[in-house]
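Numbering (full-length UniProt numbering), first residue to last: 1 to 373. Quick reminder that beta carbons are idealized off the backbone N, C-alpha and C, glycines included. None of the values given here were measured: they were computed from a predicted structure.
Have a look at this one:
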């Protein structure tokens with residue numbers, strides 16, 4: 001039986017464990033997860049990559065496959081709507097010319113991304129009809145296949161499924177020695193056939209004993225959760241996500257709860273303390289969408305640390321000179337979208353399953369994990 005270790009239990013690691021649980025007769029999986037500051041557990045996000053104007057075609061391919069993979073997982077596992085809800089997304093713009101341009105982009109991408117569903121142009125009044133809890137709106141484009149996801153609940157759902165089959169979870173911070181073996185939290189050497197490293201912004205630390213330069217940096221993300229006093233509390237869970245021009249994302253959940261955010265703070269390292277200045281900024285953004293809210297509406301602040309590379313592209317694959325070590329990371333703010341497909345692919349690589357289109361989805365791993373001179 002093959003022994004596989006996963007280091008890191010976020011969006012990539014948990015999805016990888018889920019797919020490895022489907023081959024339980026052949027694989028025993030151990031997950032090492034310390035968890036402090038993890039981006040996924042602090043994330044409530046939007047799954048809607050089709051309207052992105054990012055020019056990195058490989059990233060877009062990964063993201064659209066990720067949206068489809070996430071949809072498939074939600075169906076397979078009967079995820080409840082408080083974890084994954086395909087309620088649609090609305091992206092607004094200041095003027096109708098920009099709305100038309102956005103609509104044309106969506107239509108052009110529909111043929112190769114059926115998951116996006118219907119694409120509809122909306123007036124500002126129609127946007128408010130779709131999301132009646134908002135007070136101010138701009139015209140925009142509605143994509144019915146867009147979704148919202150609670151990262152923490154998603155991770156817990158998949159890990160709990162895998163634990164019932166072939167997964168053992170160990171709450172330790174571990175490292176990898178020069179021989180390619182795991183040093184656990186007690187200083188003991190643990191041998192595995194494959195080690196899959198998905199530690200996000202901590203990738204450099206996890207691989208610190210190996211002769212590599214790792215291109216990854218931390219980015220702090222903060223979001224706030226509001227409780228709105230509204231007559232629509234029972235309906236907010238199924239309202240579309242709003243991505244308003246010039247404002248923070250507006251993500252309705254159940255019982256009048258709304259997530260606002262998240263921020264992208266490049267100079268805060270691994271800091272996990274809330275910032276009053278940032279919280280005020282997030283609240284002010286919400287006030288531009290909804291009237292009559294204040295600090296009293298804030299019920300929670302979530303903070304996590306994302307991983308970015310210098311060219312903002314994710315990476316995954318085998319580490320140079322260490323065929324038994326696989327890595328996946330650098331997802332940035334699109335991790336909830338790209339993470340599921342990356343986790344699935346890493347599980348396939350670990351099992352020796354070949355996928356033909358990998359080079360459509362990634363740049364060379366040597367761009368991000370370089371051998372020391």
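Pull up the CB-CB distance for residue i and residue j, whole angstroms please, since I reckon it's below 8 Å.
i           : j           : result
residue 347 : residue 19  : 4 Å
residue 149 : residue 21  : With 8 Å as the limit, residue 149 and residue 21 do not qualify as a contact, their Cβ atoms being about 20 Å apart.
residue 242 : residue 90  : 5 Å
residue 286 : residue 159 : With 8 Å as the limit, residue 286 and residue 159 do not qualify as a contact, their Cβ atoms being about 32 Å apart.
residue 259 : residue 253 : 7 Å
residue 178 : residue 209 : 6 Å
residue 304 : residue 129 : Actually they do not touch by this definition, with Cβ atoms about 34 Å apart.
residue 176 : residue 207 : 6 Å
residue 15  : residue 339 : 6 Å
residue 85  : residue 238 : 7 Å
residue 74  : residue 302 : So it is not a contact: roughly 22 Å between Cβ atoms.
Looking at the strands, I want to know which residues DSSP matches up with residue i.
i           : result
residue 213 : 370
residue 389 : Outside the displayed range of the chain (1 to 373) lies residue 389, so it cannot be described from this structure.
residue 32  : 7, 170
residue 322 : 319
residue 306 : 219
residue 44  : 150
residue 194 : 4
residue 300 : 225
residue 329 : 315
residue 27  : 2
Taking a contact to mean a Cβ-Cβ separation below 7 Å, would you say residue i touches residue j in this structure?
i           : j           : result
residue 240 : residue 88  : yes
residue 58  : residue 115 : no
residue 292 : residue 227 : no
residue 350 : residue 12  : no
residue 34  : residue 257 : no
residue 119 : residue 143 : yes
residue 244 : residue 337 : no
residue 223 : residue 262 : yes
residue 30  : residue 166 : no
residue 313 : residue 344 : no
residue 44  : residue 251 : yes
residue 153 : residue 47  : no
residue 194 : residue 324 : yes
residue 290 : residue 131 : no
residue 181 : residue 170 : no
residue 63  : residue 275 : no
residue 235 : residue 299 : no
Does the beta carbon of residue i sit closer than 7 Å to a beta carbon anywhere in chain B?
i           : result
residue 273 : Absent from the structure: chain B. Only one protein chain is present.
When every heavy atom of the ligand ATP is checked, does at least one fall within less than 6 Å of the C-beta of residue i?
i           : result
residue 309 : Looking at this structure, you won't find the ligand ATP or any other ligand, since it has none at all.
message: Under 8 Å, with one C-beta from each stretch per pair, do the stretch 313-332 and the stretch 274-293 reach the 3-pair mark?
response: no
query: Which ranges would you report for the beta strand (DSSP E) in the stretch 111-192 if only whole runs of at least 3 residues count?
result: 119-122, 140-143, 147-150, 167-170
query: Counting Cβ pairs closer than 8 Å, one from the stretch 300-314 and one from the stretch 199-218, do we hit at least three?
result: yes
- prompt: Counting only runs that start and end within the stretch 207-295, where is the beta strand (DSSP E) found for 3 or more residues in a row?
  reply: 212-214, 217-227, 241-243, 249-252, 257-261
message: Any contact between the stretch 45-64 and the stretch 196-207? By contact I mean 3 or more CB pairs, one from each, below 8 Å.
response: no
task: Evaluate contact between the stretch 314-326 and the stretch 365-373, counting only Cβ atoms and requiring at least three cross-stretch pairs below 8 Å.
output: yes
task: Count the C-beta pairs between the stretch 93-107 and the stretch 38-52 that are closer than 8 Å, then say yes if the count reaches three, no if not.
output: yes
In chain order, each beta strand (DSSP E) run of at least 3 residues that lies wholly inside the stretch 60-107: 89-92
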